[in-house]
Structures are given as structure tokens and as C-alpha cells.
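A.B. asks: The structure follows.
2 protein chains.
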Amino acid sequence: MDSTRIAAERCRRAFYRISSLPIDVRDRALGQVAKELTRHEEAIVDANRKDLEEAERNQLSSPLLKRLKYDGMKIDESVRQVEALIMQEDPIGRVLSRMELDEGLVLEKVSCPIGVIGIVFESRPDALVQISTLCIKSGNAVLLKGGSEAKRTNEILAKVIQGAITQVDACFEDAVHLLSTREEFRALLVLDDLVDLIIPRGSNELVRSIQNSTKIPVLGHAAGICHTYVHEDADLELAVRVCYDAKVQYPAVCNAMETLLVNGKVAGTFLPLMAKEYGEAKVVMRGDEATRRIIPVDEATEDDWTAEYNDLVLSIKVVGSMQEAVDHINHYGSHHTDAIITRNEATARRFMDLVDSSSVMCNCSTRFADGYRYGLGAEVGISTSKTHARGPVGLEGLTIYKWRLFGKGQVVADYAGQGAKGFTHRKLS
Amino acid sequence: MDSTRIAAERCRRAFYRISSLPIDVRDRALGQVAKELTRHEEAIVDANRKDLEEAERNQLSSPLLKRLKYDGMKIDESVRQVEALIMQEDPIGRVLSRMELDEGLVLEKVSCPIGVIGIVFESRPDALVQISTLCIKSGNAVLLKGGSEAKRTNEILAKVIQGAITQVDACFEDAVHLLSTREEFRALLVLDDLVDLIIPRGSNELVRSIQNSTKIPVLGHAAGICHTYVHEDADLELAVRVCYDAKVQYPAVCNAMETLLVNGKVAGTFLPLMAKEYGEAKVVMRGDEATRRIIPVDEATEDDWTAEYNDLVLSIKVVGSMQEAVDHINHYGSHHTDAIITRNEATARRFMDLVDSSSVMCNCSTRFADGYRYGLGAEVGISTSKTHARGPVGLEGLTIYKWRLFGKGQVVADYAGQGAKGFTHRKLS
Chain B
2 MDSTRIAAER CRRAFYRISS LPIDVRDRAL GQVAKELTRH EEAIVDANRK DLEEAERNQL
62 SSPLLKRLKY DGMKIDESVR QVEALIMQED PIGRVLSRME LDEGLVLEKV SCPIGVIGIV
122 FESRPDALVQ ISTLCIKSGN AVLLKGGSEA KRTNEILAKV IQGAITQVDA CFEDAVHLLS
182 TREEFRALLV LDDLVDLIIP RGSNELVRSI QNSTKIPVLG HAAGICHTYV HEDADLELAV
242 RVCYDAKVQY PAVCNAMETL LVNGKVAGTF LPLMAKEYGE AKVVMRGDEA TRRIIPVDEA
302 TEDDWTAEYN DLVLSIKVVG SMQEAVDHIN HYGSHHTDAI ITRNEATARR FMDLVDSSSV
362 MCNCSTRFAD GYRYGLGAEV GISTSKTHAR GPVGLEGLTI YKWRLFGKGQ VVADYAGQGA
422 KGFTHRKLS
Chain F
2 MDSTRIAAER CRRAFYRISS LPIDVRDRAL GQVAKELTRH EEAIVDANRK DLEEAERNQL
62 SSPLLKRLKY DGMKIDESVR QVEALIMQED PIGRVLSRME LDEGLVLEKV SCPIGVIGIV
122 FESRPDALVQ ISTLCIKSGN AVLLKGGSEA KRTNEILAKV IQGAITQVDA CFEDAVHLLS
182 TREEFRALLV LDDLVDLIIP RGSNELVRSI QNSTKIPVLG HAAGICHTYV HEDADLELAV
242 RVCYDAKVQY PAVCNAMETL LVNGKVAGTF LPLMAKEYGE AKVVMRGDEA TRRIIPVDEA
302 TEDDWTAEYN DLVLSIKVVG SMQEAVDHIN HYGSHHTDAI ITRNEATARR FMDLVDSSSV
362 MCNCSTRFAD GYRYGLGAEV GISTSKTHAR GPVGLEGLTI YKWRLFGKGQ VVADYAGQGA
422 KGFTHRKLS
């Protein structure tokens, strides 16, 4: 689709202009966004009301309607988030290392923005504000696609943000661009010459479908199959409290526990205690044979070990050793977040070394795996990929680095062949 | 191809075993590799001689024959490289940051290996030794595919390395696996559930074809179209020396200059001086109209601006300003390495901010963009992608991080809703 290529080309040119804007300009642009959001509150709420009315006519489910709603309170929250983002350190231009290669030849590794980011998100209009301001802060240009049910809200939000940043500096023109149709976003996925990173925020199906249709790097996670393993030396009271939280506190999210692994030596004591608590919270439990010999639950089939219920459902397996738990997690898990409950720090560290997941935890709830809780500020997403960024990703995930080499006329010929000069390779502070 | 999946599954299991081996075991394995290479020198040279004989019968070009040759001297060089690798710091288990989220709840970000790496390389058998030892050092498992012309050499090298590391620890079984056919490597490219990173070391065509046929992240560069821009305030004598080196010292490589950009204000003085030097080195020059008004060279067409000659050929363009040079580089370049010649540091920094390339340089030759010269030790490759690793990539490019959270029974419910606990988010050293 030609219109998408044109939009992406404009966005790329905007990136070249904004990537070197000083932090005070980027922060002033964010300040203006906060102001303009407040100033246009009424119009935004109006647009959102129309989206909500249409969504109700289309009989959207009540959780979806709740996420779609963007009222005065939510606008205030967005404004507070933008203000908090202004307070964050500049992620750009940080000298990550300096080295003298030879006298008068100095190499610097310095953080910089990535380029053009394509982001697709579902339902929640506040995501548009969060994502575009994260991109402004980090000097990236962004192409956004929201859910069609939030069309009117997203359009006015994009317009308000574009207006605000362009007021501060004309460079920002085209730096935040809203794509209107799903076809436009699909067309974006093949523009690997113009788009540097895709971030999908939405259902597992959405993420998987995007991963399957682009060569552009995708930052995100398609599944969150998280485990807690209760070791034989666990404090069982602590284990009950943590496993309860990991499953029950908010089961619809990716960092909630889906499978409980229990060491056989404590299963007989632990599972009845745990099942009592889960029973009161109406958790549906499914267990392997050994579990079913201890507590009366439904049978877990092979499919249960790879299921992300996102609901008050839990699979339970009794294992003979920590290694068996590790093998189960590495085989069936999604490399998202997995925890061990143990009194022994060496055992915990061994588990954490062996489990190949973005977050590994000891004696606490998998639900902590989150950018805000990790102190990263706003969260770009949670990544289960093995390159670039892993786990909860903050602003830093929107940056990369470049190498700067300052010389005084040095040529490689002087360092080659007989009588060649040597490099000093001296680390500088 | 089922045999490739089986090999990749074995390699993945090997990764789970070796990823947590302490550095002394990994280093001892490398020491054993060095010993066994020396011990099997005769057999390796024999195998290589057979490859060379066949290659001669197949009338391989003389540069290819030279790269294929792996004699006693080259084996010694490989051994020295392995010994240097042993001396390098452990890239794994480094605590990159520590933060107290709340009392008794401590988060660590710690470096770890990536997983299973698929590497394809052409001709040079020393690449096999270099790559597999880099993977051993960094706790990664590796599937290798070399050029068919080096079949016998690669087979014995893989066998010697596998034998050496397995002697030190049985965990290493299957950690280094040689794929025999091109079909096997092609089959690997679809195994994104088992392979975490692909590194192609070879021609631009090879890299491009791999990038086009896999969803697995690819670390490398498809092209090296490097520029040097001579600014109006440049020290012209310095400019001549640096531009000569960037084009002439070794034109066949990716970091050699392909296009020279000259500010119109100095073109009249600079180009005749430069053309004289290039003429003596038999560099074929092609220029735009403005260039041709100053020196008698062939006409450069649009294709020349995107050509990677890898030869003693150079395109030349006269530009009106630094911004025009930057625009040309960002538009036609390959985001590899680009340099400015200027006396003004502010101008240099501005150029370096604006040019979107993995290495940006001032007053030195683009030929410096190289892992060894950058002090990275052995080089995994040079990356022009915008995520994970950029520019010359050393051992660090074979690592990622995981998050470790140590608690004492904390649950998320305590930090949610009314009367919730707050996070301290206190940075620890």
C-alpha cells in the first residue's frame, strides 16, 4: 500500500531530524503534550463517548468496554505519566564506554535512538499516549495503529499530541503518525527498509501473527506460561501465600502463574494446604496422577502444560527433583517468568541459572515481573526474545548505540605489516 | 529436514547443560581445544591439502584458494587466538544493575548466554575455530555450516574441538555441531523454536538470502557502502592521507570507502590533489557533474551511489553543505561506517549525531571499523541492524541478560489497592 510507504518515509525523515534534538527540547515537547491533553479533555472525552456508544451497540464485552473507556480520571493519569517521564534521565547520548585505541585516537560507544518504531495496540487509548511519549523522550519516530473500536479517541489523541510537539519544534512534524486501517499496518510489516522495530501490545494471537509476517525485529511476548516450583525445603506457609498471589491476584495477565510444580517430598503436606486456599478462591485445579493421589482434582492432559489459561485455572505437577522442575519449565514454558520457593540460596541460584527465562525469581510472586514494579518507569512491553531486550522493557529498550571514533588523521596502513604501530587499547573513564 | 531438527534439539539440550558451567570449566575447555589443535596439526593439514587439491581441480580462484589454505602457521595463529580468548573476562554472570524494590526484595540484571546460535561461513576454516571457541567462552551452543570446498578441513576441526571440550566436561556433548549440507542449514532457518540467533559470515548475497528466509534474528551486515565527507574547513593534507587509506589500503572489505563527498568550497583545491594520489594507485574514479568540471573522470550514475565496489573504484560527489552530505549518506549508505574530515569538533559531533550509521568517525580512516582495532578481542561480525548489537561485535554480542528477583515471601497483593505498600526502587551498587 503506497500510502503506508509514504507515511513511513515521512516518519523516517522525521527521525533523522529529531534523533539529535537536545533533551530539553524533547522534554519541553512532553510538557506541551501534558498541557494540551488537559486543555482538550472535553473533546477527548466526547470522542471516547462516541466510541463507547458504538462499542455498546456492537455488544463488546464488558471488560473490553472498561478498557476502551478514557475519561477525565484516565486523562489525568496519562498526564501524570507524561510528567513522570519528563523527570526520567535522558536515555540518549550516554557514553557507555570510552577507549583510547592509540594516542589521539579515541573510541566512544554512545546510546542513541533506534529509528522508526511501528506499534500496534488494542483497545486502551491510554497506550497511544504512553507509547508516543516514550518515543518522543527517546528520540524515535513512531507509526501507531490502535484498535478500530477506539478509532475516534485515537484520532483526537494523535492530533493533540502531534499539535503539541510541533508547537515546540517543527522538526517533530511526522514524528508521530497514526495509521487508520489494519491493512495499513499490515503493509508496514514488509517495509523493513524503513521500519526498525515492531512492538505489538495486545493478544497472544496478534503478537504471533505479526511475528509470522515480518522480517523486522519484534519486541514482545506471544505467551506467558509462568511456573512456580515449590522445593522440598520450602517454607510451606510462605509457599502458600506466594502461590496464591501468583495465581489469584490478577489471573488475566501474562505474569500470572499457570503451572505449579511441587517436589514429591513435600507434596503430601503442601498440596492439601494450597488446595484449600485455591478452593476458596474458586481456582479450578488440574493435576497429574501423583497430584490426584493427594488432592481430588481433574486430570491434567499434555495440553495443560502448554496452556496459558489467563483465568482461575491451574495445572499442577509433582516432580522428583529441582532438575525435573527445570526441565519441565524449559520444555513447556514460554521463557517469561518462573519462580522457586526454597530456603536454600544456593538452590535458588542454581534454579535461576538453569531456567532459561527472562525473569527468574526466588520466594516471591511471578506477578512482580513488570516494568513499573522493576523500577523502569513506563513499560514498553515484556519481551521473551533472546536478543536486544529481555523481560520488562523500559525506555532503554527503545535505544541502541553507535560507535564514535575521533582521530587526528590516523590511517590503517600505519598499523599493518612490518614495523606496524600497535594499539594501546586503554580504557578511559 | 528431520535430521536438522534432531541436531538442533540436541544442541538446545546441550545449551541448557553448558549455560551454567563456571568460567574455569569453559576456559579449561578452551585450553584443551588449543592443545588438541596442536596435537592434530598433521591430520588437519592433511585434510586441508585434500580440500585444496580438489579446489584446484575445480579451478577455484586464487584468492579463494588462499583463504581455504589452513597450514601449520594458520593453526598456530588459531591457537594463539584461543589462548587470547581464555585471557578475556567472563562475559557471563556479570551483574549489570541491582535494585532494592522494597525491603528484602532485590532485583538483579545479570548477563547470560543467548542459547543456540546458527552460524554459516564461507571458505576460511579458521572461522570455524574462532566461532566455536567464542560460543564456548560465552556458554552458547552452536550449529555450524562451512563452505563445501573446506569440507574435509571443517570436519576434522569440528571433531578435534568436540573431542577436546567433551574431555573436559561431558556436558559439552552436542554443544558444537557441524551441519554437512546446505540443505541442512536451510532447514535450520525455520527452526525458530530452537535457534535463537543466526550469524552469517560471508558474501553480501549470502547474508541477504538468509535475512530473507528466516524469522530468527540475524546478526550481520548485507552491505558496506562507506563514505568520507571532506568538509570546507578540512586539513586537506590530512584529508588526502585518510581518504587514500580508506579506499586503497584494502579495497575488498566492507569498511573500505566507496563514495567520497567533498564540500564545494574546497573541491577545486582538494580533488586535484586527491586524484593525483588515487591515479598513482590505479583507482578508477567516477564523479558527478561538479566533480567532472574539476577533474577528468568518468560519469557517476545513480547506481554508483548504492554500489559496493569492493575494488579500486570510487564514486565522488560535490555537496553544498554538511547537511547535504548527511542526507546523501543516510539515503544511499548502508548504515555501516561513515567519516567526516573537519577541523571543527562541533561540526564533527553534529555530523556524528546526524549520520545513522553503526560507526561514525572524524579525521580517520573508515577502515578502523573492526573488532580487533576497536579492542573487542575476537570479532563475531559487524552488524548494521538497529537492535541488539551494532557495529563491530565482540563476545558481548553473544550475550543477553536475565532478571533475578530475590524475595522473602512478597506478594503483589500487598502493593495494590488501598493502603498498599510502596516500592523503594533504591539503586544498589
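Protein chains in written order, with our numbering: chain B, 2 to 430; chain F, 2 to 430.
We put the beta carbon where it would ideally sit given N, CA and C, even for glycine.
1. Under 8 Å: do the segment 339–355 of chain F and the segment 318–329 of chain F share three or more Cβ pairs, one atom per stretch?
2. Beta carbons nearer than 8 Å to chain B: which residues of the segment 138–161 of chain F have them?
3. Would you list the one or two residues that DSSP bridges to residue 316/F?
4. Would DSSP call residue 22/F helix, strand or coil?
5. Taking the alpha-carbon positions, what's the residue 372/B to residue 398/B distance?
6. Return the Cβ separation of residue 218/F and residue 211/F in integer angstroms, given the expectation that the two are a contact with Cβ distance under 8 Å.
7. Can you pull the chain B neighbours of residue 359/F, defined as C-beta to C-beta under 7 Å?
8. Judging by CA-CA distance, which residue of 144/B, 177/B, 172/B and 150/B is the nearest neighbour of residue 160/B?
9. Could you confirm whether any beta carbon from chain B is found closer than 8 Å to the beta carbon of residue 165/F?
10. In terms of residue numbering, what span does the alpha helix (DSSP H) encompassing residue 178/B cover?
11. Threshold first: 4 residues or longer. Then list the alpha helix (DSSP H) segments lying entirely within the segment 121–175 of chain F, N to C.
12. Closest Cβ-Cβ distance between residue 352/F and chain B: below 8 Å?
13. Keeping to the same chain, check which residues put their C-beta closer than 6 Å to that of residue 427/B; ignore five residues upstream and five downstream.
14. Give a yes or no on whether the C-beta atoms belonging to residue 262/F and residue 286/F are separated by under 8 Å.
15. Is the Cβ of residue 369/B closer than 8 Å to any Cβ of chain F?
16. State whether the segment 236–248 of chain B contacts the segment 411–419 of chain F, with contact taken as three or more CB pairs (one from each stretch) at a distance under 8 Å.
17. For residue 229/F, list the residues DSSP reports as bridge partners.
18. With a threshold of 8 Å between beta carbons, is residue 304/B in contact with chain F?
19. Quick one: does residue 362/B have its CB under 8 Å from some CB of chain F?
20. Using only CA atoms, which one of 192/B, 310/B, 384/B and 242/B lies nearest to residue 277/B?
21. If you draw a straight line from the C-alpha of residue 208/F to the C-alpha of residue 91/B, how long is it?
22. Could you name the residues of chain F that residue 100/B contacts, counting a contact when the two beta carbons are closer than 9 Å?
23. Look at the alpha carbon of residue 282/B and the alpha carbon of residue 258/B, and state the distance between them as a whole number of angstroms.
24. Going along chain F in order, which residues have a C-beta closer than 9 Å to the C-beta of residue 246/B?
25. Going straight from the alpha carbon of residue 407/B to that of residue 367/F, what length do you get?
26. Taking 8 Å as the limit between beta carbons, can you name the residues of its chain near residue 130/F, skipping five residues before and five after?
27. Would the beta-carbon of residue 9/B fall within 8 Å of that of residue 189/B?
28. Rounded to a whole number of angstroms, what is the C-alpha to C-alpha distance between residue 213/B and residue 214/F?
29. Within a Cβ cutoff of 7 Å, which residues of the same chain sit near residue 237/B, ignoring the five residues on either side of it in sequence?
30. Taking only three categories from DSSP, how would you classify residue 109/B?
31. Looking at the structure shown, is residue 82/F part of a helix, part of a strand, or coil, going by DSSP?
32. Check the C-beta distance from residue 56/B over to residue 150/B and give it rounded, since I have them as a contact under 8 Å.
33. Evaluate contact between the segment 121–141 of chain F and the segment 219–234 of chain F, counting only Cβ atoms and requiring at least three cross-stretch pairs below 8 Å.
34. Under 8 Å, do residue 45/F and residue 87/F count as touching if we go by C-beta distance?
35. For residue 175/F versus residue 12/F, is the C-beta distance shorter than 8 Å?
36. How is residue 101/B classed by DSSP in three states: helix, strand or coil?
C.D. replies: The answer reads as follows:
1. Result yes; three or more Cβ-Cβ pairs closer than 8 Å.
2. none
3. 260/F and 287/F
4. coil
5. One Cα belongs to residue 372/B, the other to residue 398/B, and the distance between them is close to 11 Å.
6. With a Cβ gap of about 11 Å, residue 218/F and residue 211/F do not count as contacting.
7. 403 and 404
8. 177/B
9. No, its Cβ sits nowhere closer than 8 Å to a Cβ of chain B.
10. Careful: residue 178/B lies outside any alpha helix (DSSP H), inside the beta strand (DSSP E) at 177–179.
11. 127–138 and 152–169
12. no
13. 101
14. no
15. yes
16. yes
17. 261/F and 340/F
18. no
19. yes
20. 242/B
21. 35 Å
22. 375 and 376
23. 15 Å
24. 411, 412, 413, 414 and 415
25. One C-alpha to the other measures close to 11 Å.
26. Excluding residues within five positions, the ones whose Cβ falls inside 8 Å are 34, 38, 79, 82, 83, 158 and 162.
27. yes
28. 12 Å
29. 267, 270, 271 and 274
30. The answer is strand: DSSP assigns residue 109/B an E or B state.
31. helix
32. Rounded, the Cβ-Cβ distance is 5 Å, consistent with contact.
33. They do not touch, by the three-pair rule.
34. no
35. yes
36. strand
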